[in-house]
Structure formats: structure tokens, C-alpha cells
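Engineer:
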Amino acid sequence: MKYYCVTMVGLFGICYLFPQLLGGSSGMDVQTLREFPTLAFISICVLAPTLEELLFRGLILDRLRRSIPVYLSIVLSAAIFALMHGLRASLFPIFTLGIALGYLYHRYDSLYACILFHFIVNTIWYLISR
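Just so we're aligned: 127 in the numbering used here is position 127 of the sequence shown, and the numbers increase by one with no gaps anywhere.
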């Protein structure tokens, strides 16, 4: 079961990082948000936080903090998290979010707290973007 979960998270990561492999684009545009609001909400506010936290805090940060100091592992996982979201003007805010999520995971040792916080941030962004 452990290897299945790692494989699924890895496949998600590959598809998320390289969406062109599946013929997609790297994010939802404003038109998609307007045409399919329920699908957009589920994707942005429920699925993305859950899968991203499983990958970035549950897998990457967890592995990094076993081999390097915890604060360095938080910064490194936050940098990977930000770069995965693309090189845009929002790179620094996403990096900062990654730091906050990494600290939250370190402080409470809970993915649930990270998923909830990520859900709240994405929901606020979703509501503002509409």
C-alpha cells in the first residue's frame, strides 16, 4: 500500500508538473472558472490542496527533513512548491505560502492542518478571481 501511494503521488506530480504530456495546459483560465464553476471549485479548492499537500509536505518535506535540517528542508520544499506553480509574478507569495505550510506541518505534524489551510487560501483566491 505504501508503494502504491508513493507511485500515485509521483504520477500526479509528473502530470501536474508536465501537463502538456496529457495535452492540457498548466492551470485553469478565467473562462474555465466562469463556464464550469463547480468543477473549478472542486479542482482548485479541494483536489489541488489535498494532492499538493500529500506531495509537497507528506512526501517531499518529510523525506528532506530526515536528511537535512528541518528549516532548510522547509525552505527547499517551499521553493520546489513555488517553482511547480510556474515562474510568474506570484512566485514569491506562493513561496511564502510554502514556508507557512511547511512550518505548519513541522509544528503540528499533521497533513490535515496543511490541507485545511491550503483549502482556505485557495478558496479565498477562487472567490476573488471570479
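Even glycine gets a Cβ: it sits at the ideal position worked out from N, Cα and C.
All figures in this text were calculated on a predicted structure; none of them were measured in a lab.
#1: With DSSP run on the structure shown, which of helix, strand or coil describes H106?
#2: Give the DSSP-derived three-state secondary structure of H85 in the structure shown.
#3: With DSSP as the reference, label P93 as helix, strand or coil.
#4: Nearest to F56 by alpha carbon, out of I94, I128 and R130?
#5: Enumerate in chain order the residues of its own chain whose CB-to-CB distance from R63 is below 7 Å, with the five nearest sequence positions on each side excluded.
#6: Kindly indicate the opening and closing residues of the alpha helix (DSSP H) around P69.
#7: Would you report the Cα separation of F119 and I44, rounded to the nearest angstrom?
#8: Could you give the residue range of the alpha helix (DSSP H) that holds V46?
Structural biologist: Let me lay it out:
#1: Locating residue 106 in the sequence shown gives position 106, counting from the first residue. Helix at H106.
#2: Translated into positions along the sequence shown, residue 85 becomes position 85. Looking at H85 - three-state DSSP - the assignment turns out to be coil, as it is neither helix nor strand.
#3: The residue labelled residue 93 in the question sits at position 93 within the sequence shown. Helix, per DSSP.
#4: Stepping through the sequence shown from its first residue, residue 56 is reached at position 56. For the residues I94, I128 and R130, the minimum Cα distance to F56 belongs to I94.
#5: Translated into the one-based positions of the sequence shown, residue 63 becomes position 63. Closer than 7 Å at Cβ, skipping near neighbours: no residue.
#6: Looking up residue 69 in the sequence shown gives position 69. Where P69 is concerned, there is no enclosing alpha helix (DSSP H), given that its DSSP letter is neither H nor E.
#7: On the sequence shown, residue 119 is found 119 positions in, with the first residue counted as 1. On the sequence shown, residue 44 is found 44 positions in, with the first residue counted as 1. Computed Cα separation, rounded: 8 Å.
#8: Position 46 of the sequence shown, counting from 1, holds the residue named residue 46. No alpha helix (DSSP H) holds V46; DSSP gives it neither H nor E.
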